[in-house]
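Quick note: the sequence shown uses my numbering, first residue 82, plus one each step.
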Amino acid sequence: MFDFHIHLARLPHKKQLTQLLLNKNYAFIAVACEPWEWDEVSQLKKEFSTEIKPFRCTYGIHPMIAAKVKTETLADLRHFLQEDKHAMVGEAGIDKRYPGYEDGTQDLIFIEQAKLALELQRDLQIHCVGDYMRVLKLLEKAGFKASQELNAPSREAPRPIFHRFGGDANFVKKAIPFGAFFSLHEDSFRKKSTADAIPLIPENKVFFETDADKSFLEPDELAEELENRLESVRAAYAKSRE
Ligand SMILES: [Zn+2]
Numbered sequence: 082m083f084d085f086h087i088h089l090a091r092l093p094h095k096k097q098l099t100q101l102l103l104n105k106n107y108a109f110i111a112v113a114c115e116p117w118e119w120d121e122v123s124q125l126k127k128e129f130s131t132e133i134k135p136f137r138c139t140y141g142i143h144p145m146i147a148a149k150v151k152t153e154t155l156a157d158l159r160h161f162l163q164e165d166k167h168a169m170v171g172e173a174g175i176d177k178r179y180p181g182y183e184d185g186t187q188d189l190i191f192i193e194q195a196k197l198a199l200e201l202q203r204d205l206q207i208h209c210v211g212d213y214m215r216v217l218k219l220l221e222k223a224g225f226k227a228s229q230e231l232n233a234p235s236r237e238a239p240r241p242i243f244h245r246f247g248g249d250a251n252f253v254k255k256a257i258p259f260g261a262f263f264s265l266h267e268d269s270f271r272k273k274s275t276a277d278a279i280p281l282i283p284e285n286k287v288f289f290e291t292d293a294d295k296s297f298l299e300p301d302e303l304a305e306e307l308e309n310r311l312e313s314v315r316a317a318y319a320k321s322r323e
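Right under this line is the structure:
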């Protein structure tokens, strides 16, 4: 099992849970999208990620805090990314529910992070609640390029990864030339336009995630719950391709 997006540091009993997931061979990418979370996730990685059972992290600034970000925060983010050569950038993006969506502040913070992903050659985990096409325009502004070829070549990092994907078929067609990956969540199947778009994505560009960030369960139950949630996303995906 591979959970492409989990907020380890926001879950209860995080140390116990991290060890338990690794013991169960539940692979994951630990997402940290606020400064306090960067500290915690990097600590968890130092303590629990081993050569035999490693896990990857992603460090970024979520659009929910974009309007509050200071220049030092971006410098700190760069530091975390330089410390961990395998880390991705993100989750970063735009979200119409939070300040800075209308006035372009979220755009600026996103572009800075997209540039960082290009400069450091890291994949970029993207959060979008709102206009998906705007994200593509922002990626281009940052320097990401779409390939002119009909079938986009498999590229190395930096690739845009649309986490908890909620776009439509038109978006999928436009995003694939950027080398995009799509991480599916159980919610990805709820909206008809997204459910219809999913079968258009090449299978090797599809990943699954829980986006888990809170729970009241004890570690054992929670680990099982995560496995079940991830499995149900995988099953929904298999069904969508029938
Ligand atoms: Zn998330």
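Cβ atoms here follow ideal geometry from the backbone N, Cα and C, with glycine treated the same way.
{"Query": "Do we get a CB-CB distance below 7 Å when we pair R240 with the residues of chain D?", "Result": "Reference to chain D is not applicable here, since this structure consists of a single protein chain."}
{"Query": "Per DSSP, D176 is paired with what?", "Result": "V210"}
{"Query": "When the distance is taken between beta carbons, is A148 closer than 7 Å to T186?", "Result": "yes"}
{"Query": "Do the CB positions of A304 and L101 come within less than 7 Å of each other?", "Result": "yes"}
{"Query": "If I measure Cβ to Cβ from Y107 and keep anything under 6 Å in the same chain, skipping five residues before and after, which residues do I get?", "Result": "M82"}
{"Query": "Determine the extent of the alpha helix (DSSP H) in which T99 is found, giving its start and end residues.", "Result": "K95 to N104"}
{"Query": "Does the segment 238–252 come into contact with the segment 212–227, if we say contact requires no fewer than three beta-carbon pairs (one atom in each stretch) closer than 8 Å?", "Result": "yes"}
{"Query": "Any heavy atom of ligand 1 closer than 6 Å to the Cβ of E172?", "Result": "yes"}
{"Query": "Restricting to Cα atoms, I'd like to know which of F263, T152 and I142 is closest to A195.", "Result": "I142"}
{"Query": "State the Cα-Cα distance for the pair P280 and S274, rounded to the nearest angstrom.", "Result": "11 Å"}
{"Query": "Locate the beta strand (DSSP E) running through V150, then write down its first and last residues.", "Result": "Here V150 belongs to no beta strand (DSSP E), and DSSP marks it neither H nor E."}
{"Query": "Let's test the definition: count the other Cβ atoms within 10 Å of the Cβ of I110 and tell me whether it reaches 16, buried, or not, exposed.", "Result": "buried"}
{"Query": "At the level of alpha carbons, what is the spacing between P135 and L162?", "Result": "17 Å"}
{"Query": "Of the choices L125, W117, V112 and R137, whose alpha-carbon is the least far from that of L98?", "Result": "L125"}
{"Query": "How about E290 and H266: are their beta carbons less than 7 Å apart?", "Result": "yes"}
{"Query": "Skipping 5 residues on each side, what residues in its chain have a beta carbon closer than 8 Å to that of A173?", "Result": "C114, G141, I142, H143, P144, I190, F191, Q194, A195, L205, Q206, I207 and H208"}
{"Query": "Which runs of the beta strand (DSSP E), 3 residues or longer, sit entirely within the segment 212–290?", "Result": "241–243, 262–265 and 287–289"}
{"Query": "Just checking D120 against ligand 1 - is the residue's beta carbon closer than 6 Å to any of the ligand's heavy atoms?", "Result": "no"}
{"Query": "Between A293 and I133, how many whole angstroms is the CB-CB distance? I'm expecting something under 8 Å.", "Result": "Not confirmed; about 24 Å, so no contact."}
{"Query": "In the DSSP assignment, the beta strand (DSSP E) including I133 goes from what residue to what residue?", "Result": "Unbroken run through I133: none, as it is neither H nor E."}
{"Query": "Report yes if the C-beta of V314 is less than 6 Å from at least one heavy atom of ligand 1; otherwise report no.", "Result": "no"}
{"Query": "According to DSSP, is H160 helix, strand or coil?", "Result": "helix"}
{"Query": "To which residues does DSSP link A113 through a beta bridge?", "Result": "Y140"}
{"Query": "Count the other CB atoms, across all protein chains shown, that sit within 10 Å of the CB of E33; report buried if there are 16 or more and exposed otherwise.", "Result": "Residue coverage of the chain in this structure runs from 82 to 323, which leaves residue 33 outside it and unanswerable."}
{"Query": "Does the Cβ of P93 have 16 or more other Cβ atoms within 10 Å, making it buried, or fewer, making it exposed?", "Result": "exposed"}
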